[in-house]
Amino acid sequence: MFRTLRNRWNRKHLKDERFAFLFEEDQSGEVVVFDCETTGLDPKKDEIISIGAVKIKENRILTDEAMHLFVRQEKQISHESITIHQIRHCDLEDAIPIEEAIEKFLYFIGGRTLAGYYLEFDVAMINKYTKPMMGITLPNRQEEVSAIYYDKKISTIPQGNIDLRFEAIIDDLALPKLQAHDALNDAVMTAMIYLKLKHTTRLRDA
279 MFRTLRNRWN RKHLKDERFA FLFEEDQSGE VVVFDCETTG LDPKKDEIIS
329 IGAVKIKENR ILTDEAMHLF VRQEKQISHE SITIHQIRHC DLEDAIPIEE
379 AIEKFLYFIG GRTLAGYYLE FDVAMINKYT KPMMGITLPN RQEEVSAIYY
429 DKKISTIPQG NIDLRFEAII DDLALPKLQA HDALNDAVMT AMIYLKLKHT
479 TRLRDA
């Protein structure tokens, strides 16, 4: 009910009718898993460096349709940020403006459900740009993989602490690891987590 009311208000404030499709009921049956690499962890002051996204259709991750965008930076990237994602300012010479990246991303996701690891942050980073550009925040349904993992894991260790670190979840689910802190790789690994959790009734005890 709350989501319906919020989206009704959101739709009313859409400034660019090209993106009215975001509010349409998705008929594809697909889920989009995405991840952003950023200059920091504060959506108010930090910027998106890259966006990686993949679609899931039934039991398949559609890697052949993956999206990996690099965003041009107006300011120099800090050394602390570079040590995490290994993207330097000079690596972005052929990157695209953030407005173009956001539009490409929106056309990619359409009205599909979004999934991610600590998705709230990535959505906040996207909303930072959609709000001034189009007057809206993302109206898509959202699924947080760490919450799905927690709900399935808690029954095995009700009195214990559940390790929700990304690497710990990957290890516990016995999934392959790709190079971390790469937006597309992180999106693909998160998609693997999402699929395994969706097809697992109960997780084993640690």
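In the numbering used here, the protein residues as written are 279 to 484.
Where is the CB? At the ideal position from N, CA and C, for every residue including glycine.
Extent of the continuous alpha helix (DSSP H) run through residue i
i: Phe-297; result: Segment: none, Phe-297 is in no alpha helix (DSSP H) and carries neither H nor E.
i: His-357; result: 357-363
i: Glu-377; result: 376-387
i: Lys-290; result: 280-290
i: Asp-464; result: 461-476
i: Glu-445; result: 444-450
Distance CB(residue i)-CB(residue j) smaller than 8 Å
i: Ala-303; j: Thr-316; result: What sits at residue 303 in the sequence shown is Glu, not Ala. Not in contact: Glu-303 and Thr-316 (Cβ atoms no closer than 8 Å).
i: Ile-380; j: Tyr-407; result: yes
i: Gly-388; j: Phe-299; result: yes
i: Ile-327; j: Gln-351; result: yes
i: Val-309; j: Arg-390; result: yes
i: Tyr-427; j: Leu-475; result: yes
i: Ile-435; j: Leu-416; result: no
Delimiting residues of the beta strand (DSSP E) encompassing residue i
i: Glu-308; result: 308-316
i: Ala-331; result: 326-335
i: Asp-342; result: 338-348
i: Ala-393; result: 391-394
Member of the options whose CA lies at the smallest distance from the CA of residue i
i: Cys-384; options: Gln-437, Ile-360, Arg-284, Phe-301; result: Note on identity: in this sequence residue 384 is Leu, with Cys being the wrong assignment. Of the candidates Gln-437, Ile-360, Arg-284, Phe-301, the one whose C-alpha sits nearest the C-alpha of Leu-384 is Phe-301.
i: Lys-333; options: Arg-443, Ile-327, Asp-313; result: Asp-313
i: Leu-462; options: Arg-281, Leu-319, Ala-331; result: Ala-331
i: Arg-281; options: Asn-418, Pro-321, Asn-405; result: Asn-418
i: Lys-382; options: Lys-474, Arg-296, Tyr-428; result: Arg-296
i: Asp-460; options: Gly-307, Asp-342, Arg-366, Lys-322; result: Arg-366
i: Asp-400; options: His-357, Asp-320, Gly-307; result: Asp-320
i: Thr-478; options: Leu-283, Asp-429, Leu-456; result: Asp-429
i: Ser-356; options: Thr-341, Trp-287, Gly-318; result: Gly-318
i: Glu-377; options: Asp-342, Arg-443, Ile-329; result: Ile-329
i: Lys-322; options: Ala-402, Ile-447, Phe-386; result: Ala-402
i: Ile-440; options: Gln-457, Leu-481, Asp-464; result: Leu-481
Residue i Cβ short of 7 Å to the ligand SAM heavy atom set
i: Glu-295; result: Among the components of this structure there are no ligands whatsoever, and the ligand SAM is therefore not found.
Going residue by residue through the segment 399-428, where are the continuous beta strand (DSSP E) segments of at least 3 residues, counting only ones entirely within it? 420-422
Just checking, does the segment 402-413 make contact with the segment 285-300 on the three C-beta pairs under 8 Å criterion? yes
Do the segment 415-423 and the segment 459-478 touch if we need at least three Cβ pairs shorter than 8 Å? yes
Does the segment 395-403 come close enough to the segment 362-376 to have 3 or more Cβ pairs within less than 8 Å? no
Between the segment 332-346 and the segment 357-366, do three or more beta carbon pairs fall short of 8 Å? no
So, does the segment 334-343 touch the segment 451-459, judging by three or more C-beta pairs under 8 Å? no
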